[in-house]
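Structure, as structure tokens:
In my numbering, the protein residues as written are 309 to 516.
Okay, here's the thing in structure tokens:
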């Protein structure tokens, strides 16, 4: 029985976060979430946004993926990693996760007050095609997908990898929906031309 709040906390933080250096992966993501929430106050006024019901198309796979990705899920299911990378391997993978997260922050800072967590049209919104947006059209999603997939591989459990894949799927669906929305809002000539010049999520790939 878990009668002590400390026992509940220990249980919630069990799973792949109980040992070092996989704990480092959790710390990286926790710090990213905290900084991202604080930065959410730095955003311009919304002119128009995608309806909540429509956004369920990408929110549901992201939510399902997040539940599977939680260390607690693997603990409840009694999962064991399919492989072990060792300390050095995890450190290398953690550096790749940091690289992905850094790419999200580059995109966030470069976008400035046009950024929003939801799909929105901000006041004065225009096509941004410089900095990371000259490499891919959705650098924030690119960084998140890369970081999530690497974390899932580093953890090595089926639920963590499946969760990372579902989150990535949700991000891809969100990117597609966002492109349709921005094309309608900013104009097919302006945003369509940008789409033809810059790849969607993976740098240097053919435009999609």
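Ideal Cβ positions, reconstructed from N, Cα and C, are used throughout, including at glycine. Bear in mind the structure is a predicted one, so any value in this text is a computation, not a measurement.
- Item | Chain-order list of residues whose beta-carbon lies under 8 Å from that of residue 484 (same chain, five-residue window excluded) | As a first step, residue 484 is located in the chain shown; it is residue number 176 there, counting from the start. Only residues of its own chain outside the window of five on either side were considered, and among them none has a CB closer than 8 Å to the CB of residue 484.
- Task: Quick one: using the 10 Å Cβ neighbour count with 16 as the cut-off for buried, is residue 501 buried or exposed?
- Result: Taking the chain shown and counting its residues from 1, the one referred to as residue 501 is at position 193. Burial call: exposed.
- Query: Could you give the distance in angstroms between the alpha-carbon of residue 504 and the alpha-carbon of residue 486?
  - Reply: Residue mapping note: residue 504 aligns to position 196 of the chain shown, counting from 1. Residue mapping note: residue 486 aligns to position 178 of the chain shown, counting from 1. Answer to the nearest angstrom: the Cα atoms are 16 Å apart.
- Query: Could you give the distance in angstroms between the alpha-carbon of residue 387 and the alpha-carbon of residue 492?
  - Reply: Along the chain shown, read from residue 1 onward, the residue named residue 387 stands at position 79. Along the chain shown, read from residue 1 onward, the residue named residue 492 stands at position 184. The alpha-carbon of residue 387 is positioned some 46 Å away from that of residue 492.
- Query: Pick from 333, 327 and 329: whose alpha carbon is nearest that of residue 460?
  - Reply: Residue mapping note: residue 460 aligns to position 152 of the chain shown, counting from 1. If we check each option's Cα against that of residue 460, 333 comes out closest.
- Indicate whether the contact test is met: 3 or more Cβ pairs, each with one atom in the region 409-421 and one in the region 463-474, closer than 8 Å. no
- Message: Judging by CA-CA distance, which residue of 404, 379, 325 and 496 is the nearest neighbour of residue 455?
- Response: One-based indexing of the chain shown puts residue 455 at position 147. Among 404, 379, 325 and 496, the Cα nearest to that of residue 455 is on 404.
- Task: Would you identify the three-state DSSP class for residue 422, choosing helix, strand or coil?
- Result: The residue labelled residue 422 in the question sits at position 114 within the chain shown. Three-state DSSP puts residue 422 in a helix.
- Please report the residue range of the alpha helix (DSSP H) in which residue 497 lies. Counting from one through the chain shown, the residue named residue 497 turns up at place 189. Counting along the chain, the alpha helix (DSSP H) containing residue 497 begins and ends at 496-505.
- Query: Mind checking whether residue 444 and residue 511 have CB atoms under 8 Å apart?
  - Reply: The residue you call residue 444 lines up with position 136 of the chain shown. The residue you call residue 511 lines up with position 203 of the chain shown. Yes, Cβ-Cβ distance for residue 444 and residue 511 is below 8 Å.
- Taking residue 444 as part of the alpha helix (DSSP H), name the residues at either end of that continuous run. In the chain shown, counting from the first residue as 1, residue 444 sits at position 136. Per DSSP, residue 444 belongs to no alpha helix (DSSP H) and is neither H nor E.
- Task: Within 10 angstroms of the Cβ of residue 417, are there 16 or more other Cβ atoms? Answer buried if so, exposed if not.
- Result: Along the chain shown, read from residue 1 onward, the residue named residue 417 stands at position 109. Exposed, by the Cβ-count rule.
- Excluding sequence positions up to five away, which residues of its chain have a Cβ less than 7 Å from the Cβ of residue 331? Translated into positions along the chain shown, residue 331 becomes position 23. Closer than 7 Å at the Cβ level, and outside the excluded window around residue 331, lie 325.
- Rounded to whole angstroms, what's the CA-CA distance from residue 310 to residue 381? Just pull it up for me. Working through the chain shown from its first residue, we reach residue 310 at position 2. Working through the chain shown from its first residue, we reach residue 381 at position 73. Legend: pLDDT at residue 310 = 48, less than 50; position of this residue unreliable, value from coordinates given subsequently. One Cα belongs to residue 310, the other to residue 381, and the distance between them is close to 17 Å.
- Drop a sphere of 10 angstroms on the beta-carbon of residue 373, count the other beta-carbons inside from all chains shown, and report buried for 16 or more, exposed for fewer. Within the chain shown, the letter at position 65 stands for residue 373. Its Cβ being crowded by 16 or more others within 10 Å, residue 373 is buried.
- Residue of 490, 335 and 507 minimising C-alpha distance to residue 409: Here residue 409 corresponds to residue number 101 of the chain shown, with the count starting at 1. Selected option, being the one with the closest Cα: 335.
- Message: Mapping the DSSP letters down to three states, classify residue 348 as helix, strand or coil.
- Response: Locating residue 348 in the chain shown gives position 40, where the first residue counts as 1. Of the three classes helix, strand and coil, the one that applies to residue 348 here is coil, per DSSP.
- Going straight from the alpha carbon of residue 348 to that of residue 339, what length do you get? As a position in the chain shown, residue 348 is number 40, starting the count at 1. As a position in the chain shown, residue 339 is number 31, starting the count at 1. Computed Cα separation, rounded: 14 Å.
- Task: Whole angstroms is fine: what's the gap from residue 362's alpha carbon to residue 425's?
- Result: Position 54 of the chain shown, counted from the start, is the residue given in the question as residue 362. Position 117 of the chain shown, counted from the start, is the residue given in the question as residue 425. If you take the alpha carbons of residue 362 and residue 425, they lie about 15 Å apart.
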